[in-house]
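These protein sequence lines map, in sequence, to chains A and B.
One rule links them: number in the numbering used here = place in the first sequence (from 1) + 154.
One rule links them: number in the numbering used here = place in the second sequence (from 1) + 154.
A short worksheet on the structure shown next.
Protein chains: 2
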Amino acid sequence: MSLLVVGSVAFDSIQTPYGEAEEIAGGSATYFSVTASYFTPVNVVAVVGEDFGDEQMRIFRGRPIDTQGLERAKGKTFRWRGKYQGDMNEAQTLETQLNVFQSFAPKIPSSYLNSEFVFLGNIDPVLQLHVRKQLPKARVVACDTMNYWIQGKPEDLKKTLAAVDALVINEGEARMLSGVENLRRASSIIQRLGPRTLIVKRGEHGACLFQDQSIFFAPAFPLEQVHDPTGAGDSFAGGFMGYLAKTGDLSEPSLRRALVYGSVMASFAVEEFGLSRLLRVQPEEIKTRFKEFKAMTHFDV
Amino acid sequence: MSLLVVGSVAFDSIQTPYGEAEEIAGGSATYFSVTASYFTPVNVVAVVGEDFGDEQMRIFRGRPIDTQGLERAKGKTFRWRGKYQGDMNEAQTLETQLNVFQSFAPKIPSSYLNSEFVFLGNIDPVLQLHVRKQLPKARVVACDTMNYWIQGKPEDLKKTLAAVDALVINEGEARMLSGVENLRRASSIIQRLGPRTLIVKRGEHGACLFQDQSIFFAPAFPLEQVHDPTGAGDSFAGGFMGYLAKTGDLSEPSLRRALVYGSVMASFAVEEFGLSRLLRVQPEEIKTRFKEFKAMTHFDV
Chain A
155 MSLLVVGSVA
165 FDSIQTPYGE
175 AEEIAGGSAT
185 YFSVTASYFT
195 PVNVVAVVGE
205 DFGDEQMRIF
215 RGRPIDTQGL
225 ERAKGKTFRW
235 RGKYQGDMNE
245 AQTLETQLNV
255 FQSFAPKIPS
265 SYLNSEFVFL
275 GNIDPVLQLH
285 VRKQLPKARV
295 VACDTMNYWI
305 QGKPEDLKKT
315 LAAVDALVIN
325 EGEARMLSGV
335 ENLRRASSII
345 QRLGPRTLIV
355 KRGEHGACLF
365 QDQSIFFAPA
375 FPLEQVHDPT
385 GAGDSFAGGF
395 MGYLAKTGDL
405 SEPSLRRALV
415 YGSVMASFAV
425 EEFGLSRLLR
435 VQPEEIKTRF
445 KEFKAMTHFD
455 V
Chain B
155 MSLLVVGSVA
165 FDSIQTPYGE
175 AEEIAGGSAT
185 YFSVTASYFT
195 PVNVVAVVGE
205 DFGDEQMRIF
215 RGRPIDTQGL
225 ERAKGKTFRW
235 RGKYQGDMNE
245 AQTLETQLNV
255 FQSFAPKIPS
265 SYLNSEFVFL
275 GNIDPVLQLH
285 VRKQLPKARV
295 VACDTMNYWI
305 QGKPEDLKKT
315 LAAVDALVIN
325 EGEARMLSGV
335 ENLRRASSII
345 QRLGPRTLIV
355 KRGEHGACLF
365 QDQSIFFAPA
375 FPLEQVHDPT
385 GAGDSFAGGF
395 MGYLAKTGDL
405 SEPSLRRALV
415 YGSVMASFAV
425 EEFGLSRLLR
435 VQPEEIKTRF
445 KEFKAMTHFD
455 V
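The following block contains the structure:
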């Protein structure tokens, strides 16, 4: 089943202890669609500027990614400049130029209106809700958010959360959103806001899935070196939603496998700068790493 | 098979966001022996002062804990005062009174000299090595250490590490000891120092087991409330070593189960202040929680 993502497309400039990159293609919709395209066809709704040229568009070509919803606006593409230090669990934003993203009003092509699987990337919750309302056939709508919206638009965010099935956020955001430090209590509070399924990303400590009364934990893949954490969260979401959309199976065992596929894809994302590694992952590598997750977590009772 | 622990016995004064306790019994040997005694008989080598009375000794009675090696010295028992804030992953030491612990020279009763399973709690690495050398029959010697020794006695610590089979430390200590941030590379560096088995405790993020080329991850049990993290690490070690000593099975599947039992016991330790919860855990509760760990981590390939 096809999957719709609404989010950002950007030029990222990144510094990590292992190198730097200038103005490489990034953004939540980019990482998500490339990653999810290994599982299922993806439709992208986002906006780019006139400087997003043929070189960048090649990212989407040759993959089951439909860019009909990729609007081209006058002006420059969204730019982000960030830096990672120490354990690289958190980015420090050095500069943000919203450019065409400032007035982004997602337009959903009519052929996308029957989407059953939807990911609302980290954009204004007002826009997320606006998109969500246009998709009455959606079986699973998942969204991301961040501290900027949790603090800046808490009421709008609550309306969006009440209208989605799943929320994918990081641990610090879960604490901020719920107002409590304890993860288990934080999850209950957040689930009461709307999303039946809550996925908490914990960076190098893995991820957990809260669904009704059940909890599932997966570690992060223990890489020898993380080169660039940018896009890890959106690649995680791409693996998670991609697997669900591919199988159409929303059972608990399927959600657990989806969480592991999310972790698998995030682990590829951080192996190199930007999208480099994700653009040349082989399906066989995805299967192998999935099995490695099993081997790293299995024990006999 | 019986298990020997060498470590501290202390009076702890603890403040957490959920309350405080004054001069309650604690120390690495205390938490370890109480926890491990649910699995196997334990012999304790430690020192207490004249103020460690009958009330405190009751902790060990009625359990398979032999206190022949619990030396009573003139003076006061070791005292520690600490505080936990925020996510409570780390204690802030407010006061340490070494008292009789200052001149602790572990004396191993002759009946303990055939010990096959040994845990060297967090004491001076010179003493740890001294004890280790007296135990030629040991099949598994595990030790703990801390930043104080890593920074203060690095050469002595290296000699101890070269003589042990397993090291149980927390994530920050693993980074400090290896000099690298990345956990996978840190583990390789530490294993080359001696311990074939490395266990890294990650507080609320669980624990991992590095053994040869294999890695195993277990989450922490997601409690609704952690009341007091004191003793969690030693309770973890008690569950881990207790299970190994009970079964005598040093295969990889057994080590994995041992790690989970360590996580189970640590989760009980933090549910209440000091030893309270550990003193009244029921064997059935241990089994149930072990199965809950399985349920929280299982997925089908």
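Where is the CB? At the ideal position from N, CA and C, for every residue including glycine.
Residue i - DSSP class collapsed to helix/strand/coil
| i | result |
| --- | --- |
| E426(B) | coil |
| Y192(A) | coil |
| V159(B) | strand |
| D310(A) | helix |
| L363(B) | strand |
| V435(A) | coil |
Selected residue, minimal CA-CA separation from residue i, among the options
| i | options | result |
| --- | --- | --- |
| A216(B) | A391(B), F444(B) and R434(B) | The displayed chain sequence assigns Gly, not Ala, to residue 216(B). When each option's Cα is compared against that of G216(B), the closest is R434(B). |
| T189(A) | F447(A), Y415(A), R443(A) and K445(A) | Y415(A) |
| D205(B) | S421(B), A316(B), T351(B) and F232(B) | F232(B) |
| A179(A) | Y172(A), G173(A), S187(A) and F165(A) | F165(A) |
| S167(A) | S332(A), S408(A), L363(A) and A245(A) | A245(A) |
| S162(A) | E446(A), E438(A), V254(A) and T247(A) | V254(A) |
| M419(A) | K400(A), E439(A) and F427(A) | E439(A) |
| R430(B) | R212(B), D208(B) and E249(B) | The question names Arg, but residue 430(B) is Ser in the sequence shown. Checked all of R212(B), D208(B) and E249(B); the closest Cα to S430(B) is R212(B). |
| F193(B) | A328(B), K400(B) and K230(B) | K400(B) |
| L289(A) | H381(A), S265(A) and W234(A) | S265(A) |
| G229(B) | G207(B), F444(B), N243(B) and L248(B) | G207(B) |
| G385(B) | S408(B), F427(B), R356(B) and E378(B) | F427(B) |
| T314(B) | K287(B), Q256(B) and E327(B) | K287(B) |
| G203(B) | G181(B), A227(B), F214(B) and S182(B) | A227(B) |
| S408(A) | F370(A), L157(A), P437(A) and V380(A) | F370(A) |
| N301(B) | H284(B), A316(B), F273(B) and G333(B) | G333(B) |
| E177(B) | L337(B), V196(B), F444(B) and E249(B) | E249(B) |
| V285(A) | G181(A), R443(A), F447(A) and L158(A) | L158(A) |
| G173(B) | R356(B), G306(B), H381(B) and A183(B) | H381(B) |
| A183(B) | I343(B), E446(B), L337(B) and G393(B) | G393(B) |
| Q169(A) | G181(A), T247(A) and Q367(A) | T247(A) |
Beta carbon of residue i nearer than 7 Å to that of residue j
| i | j | result |
| --- | --- | --- |
| D388(A) | Y185(A) | yes |
| F271(B) | M395(B) | yes |
| L311(B) | P349(B) | no |
| N268(B) | K291(B) | yes |
| N324(B) | D298(B) | no |
| V198(B) | E225(B) | no |
| Q222(B) | P263(B) | yes |
| P308(A) | V160(A) | no |
| E358(B) | A374(B) | yes |
| D319(A) | V354(A) | no |
| P376(B) | V424(B) | no |
| R411(B) | F453(A) | yes |
| L281(A) | L321(A) | no |
| D220(A) | E335(B) | no |
| S417(B) | A361(B) | yes |
| E378(A) | R339(B) | yes |
| P218(A) | S191(A) | yes |
| F273(A) | A391(A) | yes |
| P195(A) | S156(A) | yes |
| V455(A) | K441(B) | no |
| L398(A) | L363(A) | no |
| L283(B) | I304(B) | no |
| F422(B) | L432(B) | yes |
Residue span of the alpha helix (DSSP H) that contains residue i, given as start and end
| i | result |
| --- | --- |
| Q246(B) | It is not in any alpha helix (DSSP H) - Q246(B) instead sits in the beta strand (DSSP E) that spans A245 to Q251. |
| A317(B) | First-last for A317(B): undefined, no H or E at that position. |
| D388(B) | A386 to T401 |
| S332(A) | E325 to S332 |
| E209(A) | D208 to M211 |
Range covered by the beta strand (DSSP E) that runs through residue i
| i | result |
| --- | --- |
| L352(A) | T351 to K355 |
| I343(A) | Here I343(A) belongs to no beta strand (DSSP E); instead the alpha helix (DSSP H) covers L337 to R346. |
| F453(A) | That residue, F453(A), is in no beta strand (DSSP E); it is neither H nor E in DSSP. |
| Q169(B) | A164 to T170 |
| S405(B) | Per DSSP, S405(B) belongs to no beta strand (DSSP E) and is neither H nor E. |
| G180(B) | G173 to G180 |
| F375(A) | Note, F375(A): premise wrong, no beta strand (DSSP E); not H, not E. |
### Task
Go through the stretch 222 to 296 of chain A residue by residue and report every complete run of the alpha helix (DSSP H) that reaches 4 residues or more, in order.
Those alpha helix (DSSP H) runs which fall completely within the stretch 222 to 296 of chain A and span 4+ residues are 279 to 287.
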